[in-house]
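Below is one structure, written out as structure tokens; comments come after it.
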Amino acid sequence: MTILIKSFYRPYLLERCLRSIYEKVSDVYQIDIVVLDDGTPEKYLNRIKEKYPKVSFKFSKYREEKITKIVKHLEGVENYYDIRIPTDLWYTAVSESSEILIMTEDDVWFIDDFDMHFYAQEMEKYGIHILKLGRILNKDTQYIENRTLTEKISFHKPRYIVRSAKFYKMLLKNSFKLKTFLEKLHLLPEGWRKQLWTMYDIPMGMYRKDYLKFLWKDQYKRVVEDLQLINAVDWDLNFSAQGEAGMHKYTLLNNRAMATSYRSSASFNSFNIEDYFDLVRFNYILNELWYEGKFDSYENFPEDFSVDYIYGILLENENKSFADKWKKWTESFIEMHKGS
64 MTILIKSFYR
74 PYLLERCLRS
84 IYEKVSDVYQ
94 IDIVVLDDGT
104 PEKYLNRIKE
114 KYPKVSFKFS
124 KYREEKITKI
134 VKHLEGVENY
144 YDIRIPTDLW
154 YTAVSESSEI
164 LIMTEDDVWF
174 IDDFDMHFYA
184 QEMEKYGIHI
194 LKLGRILNKD
204 TQYIENRTLT
214 EKISFHKPRY
224 IVRSAKFYKM
234 LLKNSFKLKT
244 FLEKLHLLPE
254 GWRKQLWTMY
264 DIPMGMYRKD
274 YLKFLWKDQY
284 KRVVEDLQLI
294 NAVDWDLNFS
304 AQGEAGMHKY
314 TLLNNRAMAT
324 SYRSSASFNS
334 FNIEDYFDLV
344 RFNYILNELW
354 YEGKFDSYEN
364 FPEDFSVDYI
374 YGILLENENK
384 SFADKWKKWT
394 ESFIEMHKGS
């Protein structure tokens, strides 16, 4: 069994993720835990390795270049900008993993006990392709019907506008302005995109390997989530079981076992947030304090870090203006993700 963790320049969060795995996941020493790092300096990773010596690491080809860009940003030489993502690293790591695996990220942690071997058996038994570990069962129920599969698992199926992978490829790419045209005529059902997300979960999914590889087969070097949704539709309609045999492909836990943080982000380049906030410097401050033993990576666990805790740290180690900007940023970040 394998757990893959995408990581980028937030060791204080990576430690929280790893500690939760070792505390909450059954038979954890029988599981291969692999960190896929894309830009964390060696001194931080060495500290992680001291605490978790059984964890292995694989590195992206962009890692050193991104670390250099971070240093230049912190020195005031040039603002950090790099939107490349290491999909080749992720794809290769998935290919080398167990037939059923967890793919997660450094800002995600387990909030409840989790028996990975048990759920792998359930996935094989019921023909499950993805088990979502962090979705809330009663969310988006106006669009999605969740039905009980077992005492611990529910399942759902996408409702299609048209059962055609070609149609959805054109729609999601807006080929020939199809999406624009249908929106103008109010012909797209409300929540149509949420139907597609029943088949995918970015940071908190337990997957069948062949399905996850299919989703990421393009290995595109930018974050374009619609590519994975296009592939999910294609898989569902053309490359996987149909009818009763494919009834339980897409599932979620009745009680979620994972949570994520809205206090930080590894996407430094842009958000639809009005005021600019220097996330590179923010993460640098927390990284350094964590490295010096002055930041509690498990603060407020299993909930997200408390706003007052981080705000106080920024007041003490930076200034009030920076702390206020961060507080406004995290509020906007939460608001931005309310519908996701």
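Here this note's numbering is used: the first residue of the sequence shown is 64, the next is one more, and so on.
Built from N, CA and C at the ideal position, the CB exists for glycine as well.
Checklist entry - Sorted by chain position, which residues of the same chain lie with C-beta nearer than 6 Å to residue 246's C-beta, five sequence neighbours on each side aside? => result Exclusion of the five residues before and after residue 246 leaves no residue of its chain whose Cβ lies closer than 6 Å to its Cβ.
Item to check | From 270, 255, 271, residue whose alpha carbon lies closest to that of residue 289 | outcome: Measuring C-alpha to C-alpha distances from residue 289 to each of 270, 255, 271 identifies 255 as the nearest.
Checklist entry - What's the gap between the Cα of residue 375 and the Cα of residue 181? => result When the Cα atoms are used, residue 375 and residue 181 turn out to be separated by approximately 42 Å.
Item to check | Range covered by the alpha helix (DSSP H) that runs through residue 213 | outcome: Taken as a continuous stretch (DSSP letters only), residue 213 belongs to no alpha helix (DSSP H), as it is neither H nor E.
Checklist entry - Mapping DSSP to helix, strand and coil, what is residue 268? => result strand
Next on the checklist: For residue 156 and residue 299, what's the separation of their Cα atoms in angstroms?
Outcome noted: 23 Å
Next on the checklist: So, at 6 Å on beta carbons, what are the nonlocal neighbours of residue 174 in its own chain, with the 5 sequence-adjacent residues on each side left out?
Outcome noted: 322, 365
Checklist entry - Taking just the CA atoms, how far does residue 94 sit from residue 277? => result 23 Å
Item to check | Contacting residues, own chain, Cβ-Cβ under 6 Å from residue 123 (five flanking each side not counted) | outcome: Counting only Cβ-Cβ distances below 6 Å, and skipping sequence neighbours, we find 101, 149, 152.
Item to check | Identity of the residues DSSP links to residue 100 by a beta bridge | outcome: Answer by DSSP bridge pairing, in chain order: 70, 122.
Item to check | 8 Å contact criterion, which residue 164 and residue 270 should meet: CB distance rounded | outcome: So it is a contact: roughly 6 Å between Cβ atoms.
Item to check | Complete runs of the beta strand (DSSP E) confined to the segment 218 to 289 [at least 3 residues] | outcome: 267 to 271
Next on the checklist: With a threshold of 6 Å on Cβ separation, who are the neighbours of residue 135 within its own chain once the five nearest residues in sequence on each side are excluded?
Outcome noted: 141
Checklist entry - When DSSP builds the beta bridges, which residues end up paired with residue 173? => result 321
Checklist entry - Ordered along the chain, which non-local residues of its own chain (more than five positions away) have a Cβ less than 7 Å from that of residue 297? => result 228
Item to check | DSSP-derived helix/strand/coil call for residue 165 | outcome: strand
Checklist entry - What's the C-alpha gap between residue 89 and residue 113? => result 22 Å
Checklist entry - Distance, Cα to Cα, residue 109 vs residue 118? => result 11 Å
Checklist entry - Hey, how far is the Cα of residue 54 from the Cα of residue 345? => result Limits of the chain in this structure are 64 at one end and 403 at the other, which puts residue 54 out of reach.
Item to check | Three-way DSSP call (helix, strand, coil) for residue 52 in this model | outcome: As displayed, the chain neither begins before 64 nor continues past 403, which places residue 52 out of reach and without an answer.
Next on the checklist: So, at 7 Å on beta carbons, what are the nonlocal neighbours of residue 75 in its own chain, with the 5 sequence-adjacent residues on each side left out?
Outcome noted: 349, 350, 353, 358, 360
Item to check | Distance between beta carbons of residue 329 and residue 120, contact taken as under 8 Å | outcome: In fact, because the Cβ distance is near 17 Å, the residues do not count as touching under 8 Å.
Next on the checklist: Assuming residue 168 and residue 69 are in contact, meaning their beta carbons sit under 8 Å apart, how far apart are those beta carbons, in whole angstroms?
Outcome noted: Indeed, because the Cβ distance is near 5 Å, the residues count as touching under 8 Å.
Checklist entry - Where does residue 76 fall in DSSP's three states? => result Residue state for residue 76 is assigned as helix, using DSSP reduced to three classes.
Item to check | residue 86 to residue 363 span [Cα, whole Å] | outcome: 16 Å
Item to check | Buried/exposed call for residue 294, threshold 16 Cβ in 10 Å | outcome: buried
Next on the checklist: What ranges does the alpha helix (DSSP H) occupy inside the segment 328 to 370, keeping only unbroken runs of at least 4 residues that lie completely in it?
Outcome noted: Runs of the alpha helix (DSSP H) inside the segment 328 to 370: 342 to 354.
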